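Below: one structure, written as structure tokens.
Numbering (the numbering used here), first residue to last: 97 to 253.
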């Protein structure tokens with residue numbers, strides 16, 4: 097029973113730490129916004145820097161464990177895909193083309209900073225392929241209307 101309790105506490109702590117890092121919280125700045133910058137090696141587009149702002153990002157890991165026996169986990173951890181949500185801009189067509197052509201990107205770095213511009217979380221990926229470009233949404237701030245295209249299901253909503 098004690099092993100199970102410790103495992104549950106450890107898993108809960110990991111999930112909490114992951115969500116705190118993802119949201120830029122947990123460092124005494126609970127009501128302030130964080131920023132996310134994604135740097136893509138070789139990206140040349142309208143902003144000319146190869147660094148694009150993101151609204152959100154997420155990823156996960158799953159490490160199955162056995163509740164029987166005397167050892168640790170029974171299989172290797174598996175990582176989920178990294179998902180980035182961003183606004184459409186001059187880089188969008190370039191990134192879309194990278195999906196269509198299957199271009200390999202040498203390195204992508206995601207840096208999340210808190211409101212004081214302190215780095216909260218940094219992830220560096222190498223040999224990256226962008227394989228999903230799911231939705232494009234355009235909002236008209238004058239009328240308040242939003243039109244989205246779901247590229248996976250070929251529908252407008």
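Note that the Cβ used here is the ideal one computed from N, Cα and C, for glycine as well.
None of these values were measured; they are calculated from a predicted model.
{"Query": "Measure from the alpha carbon of residue 132 to the alpha carbon of each residue in 145, 141, 150, 140, then state which is nearest.", "Result": "150"}
{"Query": "For a quick check, are the C-beta atoms of residue 200 and residue 225 less than 7 Å apart?", "Result": "yes"}
{"Query": "Quick one: Cα of residue 158 to Cα of residue 177, how far?", "Result": "12 Å"}
{"Query": "May I ask you to report which of helix, strand or coil DSSP gives residue 239?", "Result": "coil"}
{"Query": "With C-beta atoms as the reference, is residue 218 less than 7 Å away from residue 207?", "Result": "yes"}
{"Query": "Can you tell me whether residue 162 is buried or exposed? The criterion is at least 16 other CB atoms within 10 Å of its CB, across all chains shown.", "Result": "exposed"}
{"Query": "Run the CB neighbour count on residue 130, radius 10 Å, all protein chains shown included, and call it buried at 16 or more, exposed below.", "Result": "buried"}
{"Query": "Quick one: is residue 196 buried, meaning 16 or more other Cβ sit within 10 Å of its Cβ, or exposed?", "Result": "exposed"}
{"Query": "From 135, 148, 134, 137, pick the residue whose C-alpha is nearest to that of residue 186; which is it?", "Result": "148"}
{"Query": "Which value, in whole angstroms, describes the spacing of the CA atoms of residue 190 and residue 138?", "Result": "11 Å"}
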